[in-house]
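In the numbering used here, the protein residues as written are 1 to 177.
Structure, as structure tokens:
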Amino acid sequence: MSRVAKNPVALPAGVEVKVDASEIRVKGPLGALSRQLHPAVSVTMEDGAVVCKALDGSKNSRAMSGTMRSLVNNMVVGVSKGFERKLNLVGVGYRAQAQGDKLNLSLGFSHPVVHDMPAGVKVATPSQTEVVISGVDKQLVGQVAAEVRGYRKPEPYKGKGVRYSDEVVSLRETKKK
1 MSRVAKNPVA LPAGVEVKVD ASEIRVKGPL GALSRQLHPA VSVTMEDGAV
51 VCKALDGSKN SRAMSGTMRS LVNNMVVGVS KGFERKLNLV GVGYRAQAQG
101 DKLNLSLGFS HPVVHDMPAG VKVATPSQTE VVISGVDKQL VGQVAAEVRG
151 YRKPEPYKGK GVRYSDEVVS LRETKKK
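Shown next as structure tokens:
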């Protein structure tokens, strides 16, 4: 059995979990999430915790039991605390501005870049060079942050571009004559 799957997912106060034959639903103070269950994994509620077990001893089913446990844990954390990714804009004239569910970016192109946020993801700009993307679905928050970063990745010579707040960009030395 997966070592990850051996640990049950504890449920904090205010979080409800419903397990059907092929789907799990998690509801909490910040929202609700649902996910299809893998057919090789059984998910049950025991003593106020969610337990994921492999149905048979195959390698795939043991691996998927740990994966399902991690996905369920991310759902529980998402509806109770939420997830956020912070991005920094580095470069002269690089700016970001949140307008409702749109993010307007000035990244040195001849046109502004407008990124529409999907449902369930909020964007905030505490300053012109900071972007905070938050939501309850960890995968969706990370995907949106990666898409925004993809408009102008940090370049290795001056470090200009959109980067994660905890990302370290190692600068290269320019070519000498």
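Glycine included, every Cβ here is placed at the ideal spot set by N, Cα and C.
Quick caveat: nothing in here was measured; it's all calculated off a predicted structure.
query: Alpha-carbon to alpha-carbon, tyrosine 164 and asparagine 74; result: 20 Å
query: Inter-stretch contact (C-beta, 8 Å, three-pair minimum) for the stretch 122-131 and the stretch 93-105; result: yes
query: Where arginine 3 falls, given that 16 or more other Cβ within 10 Å makes a residue buried; result: exposed
query: Proximal residues to histidine 38 (C-beta, below 7 Å), its chain only, five neighbours per side dropped; result: Met64, Met68
query: Beta-carbon proximity of valine 162 to arginine 172, cut-off 8 Å; result: no
query: Spatial distance of valine 121 from lysine 176 (CA atoms); result: 46 Å
query: Pairwise C-alpha distance: isoleucine 24 and glutamine 36; result: 6 Å
query: Exposure of lysine 81, with buried meaning 16 or more beta-carbon neighbours within 10 Å; result: exposed
query: Cβ-based burial, phenylalanine 83 [other Cβ within 10 Å; buried from 16]; result: buried
query: Local Cβ density within 10 Å of proline 154, reported as buried at 16 or more and exposed below that; result: buried
query: Valine 145 classed as buried or exposed, judged by whether at least 16 other C-beta atoms fall within 10 angstroms; result: The sequence shown places alanine at residue 145, not valine. So alanine 145 ends up on the buried side.
query: Assumed close pair valine 76, valine 141 - CB separation to whole angstroms, cut-off 8 Å; result: Incorrect: roughly 15 Å between the Cβ atoms, too far for contact.
query: Valine 50, buried or exposed, once every other Cβ within 10 Å from all chains shown has been counted against 16; result: buried
query: Through-space distance from glycine 108 to aspartate 166, alpha-carbon basis; result: 23 Å
query: CB of alanine 5 within 8 Å of CB of glycine 66, strictly; result: yes
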